[in-house]
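J.:
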Amino acid sequence: MALEPVILNDGNKIPPIAYGTGSKMKFHDITQYIEQAIEVGFSHIDTAVFYQTEKYVGRAIKESGLARSELFVTTKYFQGVSVEKSVRKSLTNLGLQYLDLYLIHQPRVIFNLVKTWNEFEKVQQDGLAKSIGVSNLVNVEQLEHLIKVSEVRPAVNQILLHPYNYHEMKPILDACAKYNIVVEAYSSLSPITTYPGGPVDSPLKAAAQRIGATPTQVIFMWVRAKGAVIITTSTTKAHMEEYLAIANLPALTEEEVASIDAAGAEGPPSNFVSRLCGNKMTLAVVFATMLLVYRCFGLGRMGY
Numbered sequence: 001m002a003l004e005p006v007i008l009n010d011g012n013k014i015p016p017i018a019y020g021t022g023s024k025m026k027f028h029d030i031t032q033y034i035e036q037a038i039e040v041g042f043s044h045i046d047t048a049v050f051y052q053t054e055k056y057v058g059r060a061i062k063e064s065g066l067a068r069s070e071l072f073v074t075t076k077y078f079q080g081v082s083v084e085k086s087v088r089k090s091l092t093n094l095g096l097q098y099l100d101l102y103l104i105h106q107p108r109v110i111f112n113l114v115k116t117w118n119e120f121e122k123v124q125q126d127g128l129a130k131s132i133g134v135s136n137l138v139n140v141e142q143l144e145h146l147i148k149v150s151e152v153r154p155a156v157n158q159i160l161l162h163p164y165n166y167h168e169m170k171p172i173l174d175a176c177a178k179y180n181i182v183v184e185a186y187s188s189l190s191p192i193t194t195y196p197g198g199p200v201d202s203p204l205k206a207a208a209q210r211i212g213a214t215p216t217q218v219i220f221m222w223v224r225a226k227g228a229v230i231i232t233t234s235t236t237k238a239h240m241e242e243y244l245a246i247a248n249l250p251a252l253t254e255e256e257v258a259s260i261d262a263a264g265a266e267g268p269p270s271n272f273v274s275r276l277c278g279n280k281m282t283l284a285v286v287f288a289t290m291l292l293v294y295r296c297f298g299l300g301r302m303g304y
């Protein structure tokens with residue numbers, strides 16, 4: 001059974017789960033993993049200029065032999081060159097005539113976001129991208145200002161979202177819902193991969209036992225319950241199949257979702273914080289490096 005596509009505010013449809021090529025995939029030849037993802041059933045591939053993986057996505061798409069209409073391809077713009085020049089280079093790298101979705105990767109580092117968005121609107125008008133949106137835009141005021149002064153509303157906002165940051169992200173989630181902007185969630189497996197042993201483990205396990213699923217699948221079901229599209233990745237075929245198998249699972253109950261929310265609000269396990277803070281030298285180096293990057297490039301937190 002396939003997952004039903006999500007309808008965007010521009011009328012286009014987006015597959016509810018995507019194979020991402022960021023995270024540990026960045027800057028590597030990952031052609032074989034993308035080919036494997038397409039083979040097991042992923043129809044949505046997410047990449048970005050910053051990841052330097054577009055050409056590998058293009059190679060895998062070509063090798064798949066699939067019709068263009070069978071795949072949904074997303075890439076992201078990063079500042080430094082004009083939007084038109086960047087999107088055309090991305091299309092060349094991908095071997096495509098158009099994108100299904102084109103996102104501004106880091107709005108916070110764009111000097112003139114409104115002007116850049118206007119250029120995105122032209123990309124859509126010219127048929128180079130069916131849908132346009134943003135990524136890592138978590139400031140509600142910034143989003144509302146962009147909507148107010150623009151002709152086209154973002155169709156998507158791709159953000160970091162997992163149970164431990166859900167309450168922090170709630171304002172932007174509510175704003176996206178208000179303006180009918182679909183949220184895409186990346187790094188949702190953080191409670192398992194980054195913060196194991198925390199409060200969220202218990203409700204994940206309980207829900208997994210009830211529906212005959214893995215904790216990983218329960219997190220993805222939680223993301224779906226929030227109305228978000230899943231962005232995930234793996235180099236393992238079994239994990240890819242596990243992710244797609246959520247199509248055959250029953251939905252979480254309202255009580256299960258609320259239980260995961262409440263556990264997430266308690267924050268990640270204290271041992272994670274203590275491991276970081278316990279080493280004062282490590283902590284000092286981390287903060288010094290972050291400060292240097294911010295001062296030199298104004299990047300702040302880069303995100304996916």
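UniProt numbering applies: residue 1 is where the sequence shown begins, and numbers increase by one.
Here a beta-carbon is modelled for each residue, glycine too, at the ideal position from N, C-alpha and C.
It should be emphasised that the depicted structure is a prediction, and the values quoted were computed from it without experimental measurement.
If you compare alpha carbons, which of 262, 138 and 216 is closest to residue 199?
T.: When each option's Cα is compared against that of residue 199, the closest is 262.
J.: Is the distance from the Cβ of residue 15 to the Cβ of residue 72 below 8 Å?
T.: yes
J.: Let's see if you can read the secondary structure: which residues bound the beta strand (DSSP E) around residue 101?
T.: 99-104
J.: Determine the burial state of residue 66: buried for a count of at least 16 other Cβ atoms within 10 Å of its Cβ, exposed for fewer.
T.: Answer is exposed; the Cβ neighbour count stays below 16.
J.: Please work out which residues of its chain come closer than 7 Å, Cβ to Cβ, to residue 166, disregarding the five sequence neighbours upstream and downstream, and give them in chain order.
T.: Excluding residues up to 5 positions away in sequence, 261 and 264 lie with their Cβ nearer than 7 Å to the Cβ of residue 166 in the same chain.
J.: Determine, using beta-carbon pairs with one atom in the segment 89-105 and one in the segment 119-139, whether at least three such pairs fall under 8 Å.
T.: yes
J.: Could you tell me which residues DSSP pairs with residue 20 in its beta bridges?
T.: 46
J.: Could you give the DSSP three-state label for residue 158: helix, strand or coil?
T.: Residue state for residue 158 is assigned as strand, using DSSP reduced to three classes.
J.: Taking residue 20 as the reference, give the member of 235, 146 and 258 with the closest Cα.
T.: Per the C-alpha coordinates, the member of 235, 146 and 258 positioned closest to residue 20 is 235.
J.: Considering just the uninterrupted stretch of the beta strand (DSSP E) at residue 131, what are its terminal residues?
T.: 129-135
J.: Taking the CB atoms as reference points, tell me whether residue 153 and residue 9 lie closer together than 8 Å.
T.: yes
J.: When DSSP labels each residue in this structure, what does residue 4 get in the three-state scheme?
T.: In the displayed model, residue 4 falls within coil according to three-state DSSP, outside both helix and strand.
J.: Residue 87 to residue 70, Cα distance in whole Å?
T.: 21 Å
J.: Using the C-alpha atoms, what's the distance from residue 188 back to residue 196?
T.: 13 Å
J.: Tell me whether residue 286 is buried or exposed, calling it buried when 16 or more other Cβ atoms sit within 10 Å of its Cβ.
T.: Caution applies to residue 286, whose pLDDT of 44 falls short of 50 and renders its modelled position unreliable; the value that the coordinates give is listed next. Per the 10 Å Cβ criterion, exposed.
J.: Please specify which runs of the alpha helix (DSSP H), each continuous and at least 4 residues long, are wholly inside the segment 221-269, giving them in chain order.
T.: 237-244 and 254-265
J.: Once DSSP output is grouped into helix, strand and coil, what is the label at residue 57?
T.: helix
J.: For the beta strand (DSSP E) containing residue 109, name the first residue and the last one.
T.: No beta strand (DSSP E) contains residue 109, which DSSP labels as neither H nor E.
J.: Counting Cβ pairs, one atom from each stretch, are 3 or more of them under 8 Å apart for the segment 26-35 and the segment 245-260?
T.: no
J.: State the Cα-Cα distance for the pair residue 6 and residue 84, rounded to the nearest angstrom.
T.: Residue 6 and residue 84: Cα-Cα distance of roughly 27 Å.
J.: Just to confirm the assignment, what range does the beta strand (DSSP E) spanning residue 77 have?
T.: 72-77
J.: For residue 141 and residue 46, I'd like the C-alpha separation in whole angstroms.
T.: 27 Å
J.: Thinking C-alpha only, which one of 63, 171 and 122 is nearest residue 139?
T.: 171
J.: Residue 48: which of 176, 40, 93 and 143 sits nearest, CA to CA?
T.: Just measuring C-alpha positions, the residue of 176, 40, 93 and 143 sitting nearest residue 48 is 93.
J.: Should residue 212 be labelled buried (16 or more other beta-carbon atoms within 10 Å of its own) or exposed?
T.: exposed
J.: If I follow the unbroken beta strand (DSSP E) through residue 184, where does it start and stop?
T.: 182-186
J.: Does the beta-carbon distance from residue 220 to residue 192 come in below 8 Å?
T.: no
J.: Check this for me: beta carbons of residue 186 and residue 158, under 8 Å apart or not?
T.: yes
J.: Could you tell me the alpha carbon to alpha carbon distance between residue 241 and residue 81, rounded to whole angstroms?
T.: 38 Å
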